[in-house]
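As you go down the protein sequences, you meet chains A and B in turn.
Mapping to this note's numbering: the first sequence position 104 is 141, numbers consecutive.
Mapping to this note's numbering: the second sequence position 28 is 65, numbers consecutive.
For each residue, glycine too, the CB sits at the ideal point set by N, CA and C.
There are 2 protein chains.
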Amino acid sequence: MKDPLLDYPGYSLRRAAGAVMTRLIARLEPLGLRFVDSSAMLMIEANPRITASQLGRMLDIQRANMVPLVNRLEAEGWIERAPLDGKSHSLALTAAGKAKLAEARRVIAETEAELIARVPAEHRAHLKPALDALWR
Amino acid sequence: MKDPLLDYPGYSLRRAAGAVMTRLIARLEPLGLRFVDSSAMLMIEANPRITASQLGRMLDIQRANMVPLVNRLEAEGWIERAPLDGKSHSLALTAAGKAKLAEARRVIAETEAELIARVPAEHRAHLKPALDALWR
DNA sequence: TATTGTTATACTCTATAACTATA
DNA sequence: TATAGTTATAGAGTATAACAATA
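This is the structure we're talking about:
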């Protein structure tokens, strides 16, 4: 069976991203976390008092779609909102959120390590700069 | 604003794939094609008389989700079904399908060329082998 | 005027379970 | 028994439009 799609780097990119994401999502699921939850919590930890709109811009998530996400993180007790001014709220991790993020960071590190290990050594250093050129 | 996600190759992989797919989808849309339509038609062209189930396995699409896809391609007049045996049907491109695929191939080639052009020359040859190691 | 947070909504993609008919 | 095609359905993820309150 011929597979003409294998000639396209763009197709390899899509399939590789899908495979890696599937592995990561499967590992986050037992922690009660979606991929986007872990991304958001990493970003909130690094930027305390960030707002939902700022967070959405950095993660490339629409403002409207941030609402259920932030609501869920708050309902789980992982983040807290505090009024910044009359219309904005700042987000910060709670103690429970920091503990949950520590768990998430372990499975993320494990998945990233596997990713690197899969790439033949002679290509390894080239992967991230090549990828970053495609979207940054 | 700090962005800890930039340290993760897996995150770069996801964002790069998203960016490239967004560009390709935007170019296929005026042709009345979804990404999966163009993938399926390339595969059918290269493998005349392939069945929907075989196609699904190669594209990593569930058998059940092939039904509306194949129905749509047939309704557009781009593919034809022919009974293979009592339970299977073979798929093949029609003349209209081949013409549409020629259009699709042009925008795909254009998008792939841009992808390559974006990657700094010293990393180019490493990208596809690195990506393929992640899913094949 | 622009931005934040929000509600409502719709569409695509994907996953699962179940059924029929045929190999 | 395993596979092909199919139906129905549900859950994610994502996009758009609109609104009130505030900067």
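Identity of the residue in A:140, A:92, A:63 and A:88 nearest residue 124 of chain A by Cα: The residue you call residue 124 of chain A lines up with position 87 of the first sequence. Comparing Cα-Cα distances from residue 124 of chain A to each of A:140, A:92, A:63 and A:88, the minimum goes to A:88.
Residue 86 of chain B at chain A interface by Cβ criterion, 8 Å: Within the second sequence, numbered from 1, the residue matching residue 86 of chain B stands at position 49. With 8 Å as the cut-off, residue 86 of chain B does not count as an interface residue toward chain A.
For residue 116 of chain B: DSSP bridge partner residues: As a working mapping, residue 116 of chain B is identified with position 79 in the second sequence. Paired residue(s): B:130.
Supposed close pair residue 103 of chain A, residue 93 of chain A - CB separation, criterion 8 Å: Here residue 103 of chain A refers to the residue found at position 66 of the first sequence. Here residue 93 of chain A refers to the residue found at position 56 of the first sequence. Going by Cβ atoms, the distance from residue 103 of chain A to residue 93 of chain A rounds to 4 Å, so yes, they are a contact pair.
Spatial neighbours of residue 90 of chain A in its chain, beta-carbon cut-off 6 Å, leaving aside the 5 residues before and after: Within the first sequence, numbered from 1, the residue matching residue 90 of chain A stands at position 53. Excluding positions up to five away in sequence, the list reads 100.
Under 7 Å from the C-beta of residue 39 of chain B: neighbouring residues of chain A: Working through the second sequence from its first residue, we reach residue 39 of chain B at position 2. Those are 83 and 84, listed as they occur along chain A.
Residue 132 of chain B and residue 50 of chain A closer than 8 Å at C-beta: If you number the second sequence from 1, residue 132 of chain B lands on position 95. If you number the first sequence from 1, residue 50 of chain A lands on position 13. No, the Cβ-Cβ distance between residue 132 of chain B and residue 50 of chain A is not below 8 Å.
Residue 78 of chain B versus residue 38 of chain A - alpha carbon distance: The residue given as residue 78 of chain B occupies position 41 in the second sequence. The residue given as residue 38 of chain A occupies position 1 in the first sequence. Going from the Cα of residue 78 of chain B to the Cα of residue 38 of chain A covers about 14 Å.
DSSP-derived helix/strand/coil call for residue 88 of chain A: The count along the first sequence starts at 1 and reaches residue 88 of chain A at position 51. Note: residue 88 of chain A maps to coil in three-state DSSP.
Cβ neighbour criterion (16 or more within 10 Å) applied to residue 145 of chain A: Stepping through the first sequence from its first residue, residue 145 of chain A is reached at position 108. When all chains shown are included, residue 145 of chain A counts as buried.
Cβ neighbours of residue 61 of chain B in the same chain (closer than 8 Å, five flanking residues each side left out): Indexing the second sequence from 1 puts residue 61 of chain B at position 24. If we look at residue 61 of chain B and ignore the five residues flanking it on each side, its Cβ neighbours are 72, 144, 145 and 148.
Interface positions of the segment 122 to 138 of chain B facing chain A (Cβ-Cβ less than 8 Å), listed along the chain: none
Interface residues of the segment 89 to 121 of chain A facing chain B [CB-CB below 9 Å]: 91, 95, 96 and 97
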